[in-house]
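Everything below concerns the one structure shown next.
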Amino acid sequence: MVALRDIETYILGNIDELTKECAHMCRANHIHTMLTLDVEEVYEGCEYCLIYTALDHLDLPTLSLSSGIEYVILDDAVIEVLENGVAIYSMNTFKERLRDLLEFGIVTKDEVKNIEEWVKSRTSEH
């Protein structure tokens, strides 16, 4: 499986191409050559586009919900892709995040169960 640092390395190694693809969100004179991905962080704007595009290039398995939220499971983190941002969670805080989403009615109990089963299947493979 892929780790968070692998995605960061991919982004930094392909920053010119990714920035061109994200030209609608990234100013040409504001290149993110020092983008660091960390858990418990939210990325928006240009950084969101760079991460989203890198995930698309890497063709990683995702789980999409009817609410529009997508999840990517990594060795060491969970990436939550929203409409205008990317949040990165540790496995422990991701469980809390699911409880919050359920509590606020953003996801259903069935969706939480499906997410938990999917996470378990992805993490038990490695």
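Residue 24 in numbering that gives the first Met the number 0 sits at position 25 of the sequence shown; the count goes up by one each step and never skips.
Beta carbons are placed, not taken as given, at the ideal position from N, Cα and C, and that holds for glycine.
- Within the DSSP secondary-structure output, Ile-72 pairs in a beta bridge with Val-77.
- Inclusion of Glu-95 and Leu-64 in the CB contact set at 8 Å is not warranted, their separation being larger than that value.
- Here DSSP, grouped into helix, strand and coil, assigns Thr-35 to coil.
- Shown here for Arg-26: same chain residues with a beta carbon closer than 8 Å to its own, the five before and five after excluded, namely Cys-45 in chain order.
- For Ser-89, there is no enclosing beta strand (DSSP E), as DSSP marks it with neither H nor E.
- The three-state reading of DSSP puts Leu-3 in helix, counting H, G and I together.
- A Cβ-Cβ distance of about 16 Å is found for the pair Arg-121 and Ile-68, leaving them out of contact under the 8 Å criterion.
- With a threshold of 16 other beta carbon atoms within 10 Å, Leu-57 falls short and is exposed.
- The residues Ala-53 and His-56, in chain order, have a CB closer than 8 Å to that of Asn-13 in the same chain once the five nearest residues on each side in sequence are set aside.
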